[in-house]
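K.L.:
All residue numbers for the sequence shown refer to the working numbering, where the first residue is 63 and numbers rise by one. Glycine is no exception: its CB is placed at the ideal position from the N, C-alpha and C atoms. Since the model is a prediction, treat every value here as computed from it, not as a measurement.
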Amino acid sequence: MLEFNGQHFLDGRASNPNALGWMRGAPPPADKRISFESDDFLNFPQLRWSLSHMRELVPSVNVWRGRGGPALLERSDKTAEIDALTFADANGRMRRFDEALYDTYTDGIVVLHR
(Lines of atoms letter the chains of each structure in order from A and count residues from 1; the text may use other names and numbers.)
(Lines give C-alpha, C1' and ligand atoms only; values in the text may rest on other atoms or scores of the structure.)
Protein backbone atom coordinates (compact mmCIF):
# COMPACT_ATOMS: atom_id res chain seq x y z
CA MET A 1 0.00 0.00 0.00
CA LEU A 2 1.06 3.54 -0.75
CA GLU A 3 -0.14 6.69 0.96
CA PHE A 4 -0.65 10.01 -0.82
CA ASN A 5 -2.24 12.98 0.95
CA GLY A 6 -3.64 10.71 3.64
CA GLN A 7 -5.28 8.29 1.18
CA HIS A 8 -4.16 4.68 0.75
CA PHE A 9 -3.65 3.15 -2.71
CA LEU A 10 -2.56 -0.23 -4.00
CA ASP A 11 1.14 -0.25 -4.86
CA GLY A 12 2.51 -1.15 -8.29
CA ARG A 13 2.64 -4.88 -7.63
CA ALA A 14 -0.81 -5.13 -6.06
CA SER A 15 -2.40 -3.03 -8.83
CA ASN A 16 -0.81 -4.97 -11.69
CA PRO A 17 -3.56 -5.43 -14.32
CA ASN A 18 -2.56 -9.06 -14.92
CA ALA A 19 -2.68 -9.87 -11.22
CA LEU A 20 -6.11 -8.23 -10.90
CA GLY A 21 -7.46 -10.14 -13.90
CA TRP A 22 -8.98 -7.21 -15.78
CA MET A 23 -10.72 -8.19 -19.04
CA ARG A 24 -9.84 -11.90 -18.85
CA GLY A 25 -12.14 -14.47 -20.41
CA ALA A 26 -14.87 -14.23 -23.02
CA PRO A 27 -16.82 -12.47 -21.78
CA PRO A 28 -14.90 -11.21 -18.75
CA PRO A 29 -16.67 -11.48 -15.39
CA ALA A 30 -18.85 -8.40 -14.75
CA ASP A 31 -16.62 -7.16 -11.92
CA LYS A 32 -13.53 -7.41 -14.17
CA ARG A 33 -14.93 -5.56 -17.21
CA ILE A 34 -13.57 -2.19 -18.26
CA SER A 35 -15.54 -0.09 -20.75
CA PHE A 36 -15.47 3.40 -22.20
CA GLU A 37 -19.24 3.78 -21.82
CA SER A 38 -19.19 3.36 -18.05
CA ASP A 39 -16.20 5.69 -17.54
CA ASP A 40 -14.56 3.11 -15.28
CA PHE A 41 -11.58 2.99 -17.63
CA LEU A 42 -10.33 6.23 -16.00
CA ASN A 43 -10.59 4.91 -12.44
CA PHE A 44 -7.59 3.56 -10.56
CA PRO A 45 -6.54 0.74 -10.75
CA GLN A 46 -8.48 0.04 -14.00
CA LEU A 47 -6.56 2.92 -15.59
CA ARG A 48 -3.41 0.80 -15.59
CA TRP A 49 -5.08 -1.67 -17.97
CA SER A 50 -6.76 1.07 -20.02
CA LEU A 51 -3.58 2.92 -20.92
CA SER A 52 -2.19 -0.19 -22.61
CA HIS A 53 -5.47 -1.08 -24.33
CA MET A 54 -6.90 2.30 -25.41
CA ARG A 55 -7.45 1.08 -28.99
CA GLU A 56 -9.79 -1.56 -27.62
CA LEU A 57 -11.86 1.10 -25.85
CA VAL A 58 -12.11 4.01 -28.30
CA PRO A 59 -11.61 4.54 -32.04
CA SER A 60 -8.09 5.54 -33.03
CA VAL A 61 -6.01 5.97 -36.17
CA ASN A 62 -2.45 5.20 -37.19
CA VAL A 63 -0.15 8.20 -37.59
CA TRP A 64 2.02 8.13 -40.71
CA ARG A 65 5.72 8.07 -39.81
CA GLY A 66 6.93 9.41 -43.15
CA ARG A 67 8.57 7.82 -46.17
CA GLY A 68 11.56 6.29 -44.40
CA GLY A 69 11.58 3.15 -42.35
CA PRO A 70 11.84 3.09 -38.58
CA ALA A 71 15.20 3.89 -37.02
CA LEU A 72 16.72 0.97 -35.16
CA LEU A 73 17.87 1.62 -31.61
CA GLU A 74 20.89 -0.27 -30.38
CA ARG A 75 20.24 -2.36 -27.32
CA SER A 76 22.63 -2.48 -24.42
CA ASP A 77 21.58 -4.55 -21.44
CA LYS A 78 22.49 -2.37 -18.51
CA THR A 79 19.44 -3.39 -16.50
CA ALA A 80 21.36 -4.25 -13.33
CA GLU A 81 23.30 -0.99 -13.41
CA ILE A 82 20.19 1.12 -13.98
CA ASP A 83 18.19 -0.77 -11.33
CA ALA A 84 20.93 -0.12 -8.76
CA LEU A 85 20.91 3.68 -9.26
CA THR A 86 19.88 5.53 -6.12
CA PHE A 87 18.26 8.92 -5.65
CA ALA A 88 16.51 10.97 -2.99
CA ASP A 89 12.73 11.03 -3.49
CA ALA A 90 10.46 14.02 -2.83
CA ASN A 91 10.45 13.15 0.89
CA GLY A 92 14.25 12.95 1.05
CA ARG A 93 14.26 9.15 1.37
CA MET A 94 16.98 7.31 -0.56
CA ARG A 95 15.47 4.96 -3.12
CA ARG A 96 16.72 2.41 -5.63
CA PHE A 97 15.51 3.00 -9.18
CA ASP A 98 14.00 -0.47 -9.61
CA GLU A 99 12.06 -0.24 -6.34
CA ALA A 100 10.73 3.23 -7.13
CA LEU A 101 9.24 2.00 -10.43
CA TYR A 102 6.59 0.03 -8.53
CA ASP A 103 5.60 3.05 -6.44
CA THR A 104 5.10 5.16 -9.57
CA TYR A 105 3.12 2.47 -11.44
CA THR A 106 5.72 2.35 -14.20
CA ASP A 107 5.05 -0.46 -16.67
CA GLY A 108 7.94 0.31 -19.00
CA ILE A 109 10.78 2.73 -19.50
CA VAL A 110 13.23 3.58 -22.27
CA VAL A 111 16.61 5.08 -21.45
CA LEU A 112 18.24 6.97 -24.32
CA HIS A 113 21.82 8.19 -24.07
CA ARG A 114 23.56 10.27 -26.71
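How should G130 be labelled, buried or exposed, when 16 other C-beta atoms within 10 angstroms of its C-beta is the threshold for buried?
P.N.:
The residue you call residue 130 lines up with position 68 of the sequence shown. With fewer than 16 other Cβ atoms within 10 Å, it is exposed.
K.L.:
What are the start and end residues of the beta strand (DSSP E) that includes M116?
P.N.:
Start at 1 with the first residue of the sequence shown, and residue 116 comes out as number 54. Looking at the DSSP string, M116 is not in any beta strand (DSSP E); the run it does join, the alpha helix (DSSP H), is M116 to L119.
K.L.:
Would the stretch 103-118 and the stretch 70-78 be scored as touching if the rule is three or more Cβ pairs under 8 Å?
P.N.:
Yes, they touch.
K.L.:
Does the distance from the CB of F159 to the CB of D145 come in under 7 Å?
P.N.:
As a first step, residue 159 must be located in the sequence shown, where it is residue number 97. As a first step, residue 145 must be located in the sequence shown, where it is residue number 83. Yes, the pair counts as a contact, with Cβ atoms nearer than the cut-off.
K.L.:
Buried or exposed for W126, going by 16 or more other Cβ atoms inside 10 Å?
P.N.:
By one-based count along the sequence shown, residue 126 stands at place 64. W126 is exposed by the Cβ-count criterion.
K.L.:
Within the same chain, show all residues whose beta-carbon is closer than 7 Å to that of T148, passing over the 5 residues directly before and after it, in chain order.
P.N.:
Walking along the sequence shown from the start, residue 148 turns up at place 86. Excluding residues within five positions, the ones whose Cβ falls inside 7 Å are M156, R157 and R158.
K.L.:
Let me know the secondary structure DSSP gives R157 once reduced to three states.
P.N.:
Translated into the one-based positions of the sequence shown, residue 157 becomes position 95. Of the three classes helix, strand and coil, the one that applies to R157 here is strand, per DSSP.
K.L.:
Whole angstroms is fine: what's the gap from A81's alpha carbon to W111's?
P.N.:
Here the question's residue 81 lines up with position 19 in the sequence shown. Here the question's residue 111 lines up with position 49 in the sequence shown. Spanning the two alpha carbons is a distance of roughly 11 Å.
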